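Take a look at the structure set out below.
Numbering (my numbering), first residue to last: 60 to 340.
Structure, rendered in structure tokens:
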């Protein structure tokens, strides 16, 4: 088997395995806690988050051990040391700063209005819990798989640019597969959203040389989105939600995130060159 064929096999196996893991988590949630919003509990959310990180990290490390004679997450850009703090914070800032700009634009122009539905003390008390849940359920496992292992495999055989594009396509296909199986429809808007989100996250990972930066961006985005838009918890009421999501949560922050990351990590990054072994910051 050629090197590219071998890489395709590894990526395909991991992609399918991650689909199975998330389907299992959804099945477990429905069986134990009940389906839909009516079945939401904080305990169920915490259990799903812990299992998502545990199963995904174990899977990735097993893939490394079997195929690459290594089980170190550091080899795919996830350095478990104090050096992770800087790229993580850069990723958070790269999304939060332009989000604040987009939010201000929406409020000033009158495209949207954001009103707290509960006391600020309750919101601030829940915020750290939500950050941890987002980190464990979405940001860490998804970035470890797509911007970590999959990007690392692809970039060893092709240019960084193509590796970023293809991992974004796989990320989009993963999200679409889960949604289609769960809802029975092909979600075109989610396919597009996941692709561009994966593209930006992949570019931030290249610019910074660290998966921690894409994790930081992912945490910032998901935390804000879930805090403001989750109807089950009811922390905020948003008038003009569609425009708010498009401008403040979407176009403005995701358009500027790579540029902001580049301010802290100077190039050139050799987009048309191969990564080789995953860079670690």
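Note that CB positions come from ideal geometry on N, CA and C, so glycine has one too. Just so you know, these numbers come straight off a predicted model, no measurement behind them.
Where residue i falls, given that 16 or more other Cβ within 10 Å makes a residue buried
i	result
residue 124	exposed
residue 175	exposed
residue 86	exposed
residue 329	exposed
residue 61	Its pLDDT being 47, under 50, residue 61 is placed unreliably by the model, and the measurement read from it follows with that caveat. So residue 61 ends up on the exposed side.
residue 318	exposed
residue 66	buried
residue 245	exposed
residue 197	buried
residue 199	buried
residue 283	buried
residue 163	exposed
residue 322	exposed
residue 75	exposed
residue 195	buried
residue 139	exposed
residue 258	buried
residue 101	exposed
Through-space distance from residue j to residue i, alpha-carbon basis
i	j	result
residue 250	residue 202	17 Å
residue 314	residue 228	18 Å
residue 293	residue 177	8 Å
residue 320	residue 267	7 Å
residue 91	residue 110	14 Å
residue 168	residue 240	39 Å
residue 247	residue 281	20 Å
residue 108	residue 193	8 Å
residue 71	residue 172	44 Å
residue 88	residue 252	25 Å
residue 291	residue 122	37 Å
residue 270	residue 264	5 Å
residue 183	residue 235	33 Å
residue 160	residue 242	34 Å
residue 47	residue 214	Past the boundaries of the shown model lies residue 47; the chain is included only from 60 to 340, so the question cannot be answered.
residue 296	residue 136	39 Å
residue 155	residue 217	32 Å
residue 127	residue 308	38 Å
residue 337	residue 289	Caution applies to residue 337, whose pLDDT of 42 falls short of 50 and renders its modelled position unreliable; the value that the coordinates give is listed next. Roughly 36 Å between the two C-alpha positions.
residue 299	residue 170	6 Å
residue 254	residue 181	34 Å
residue 324	residue 191	26 Å
residue 312	residue 120	32 Å
Residue i and residue j closer than 8 Å at C-beta
i	j	result
residue 69	residue 212	yes
residue 275	residue 158	no
residue 306	residue 151	no
residue 132	residue 206	no
residue 209	residue 118	no
residue 316	residue 153	yes
residue 286	residue 186	yes
residue 165	residue 302	yes
residue 115	residue 204	yes
Rounded Cβ spacing between residue i and residue j (contact assumed at less than 8 Å)
i	j	result
residue 77	residue 233	7 Å
residue 149	residue 272	5 Å
residue 223	residue 262	6 Å
residue 189	residue 81	With 8 Å as the limit, residue 189 and residue 81 do not qualify as a contact, their Cβ atoms being about 20 Å apart.
Opposing strand residues paired with residue i [DSSP bridges]
i	result
residue 175	295
Residue i Cβ short of 7 Å to the ligand NAD heavy atom set
i	result
residue 177	With respect to small molecules bound, the structure shown includes none, and the ligand NAD cannot be examined in it.
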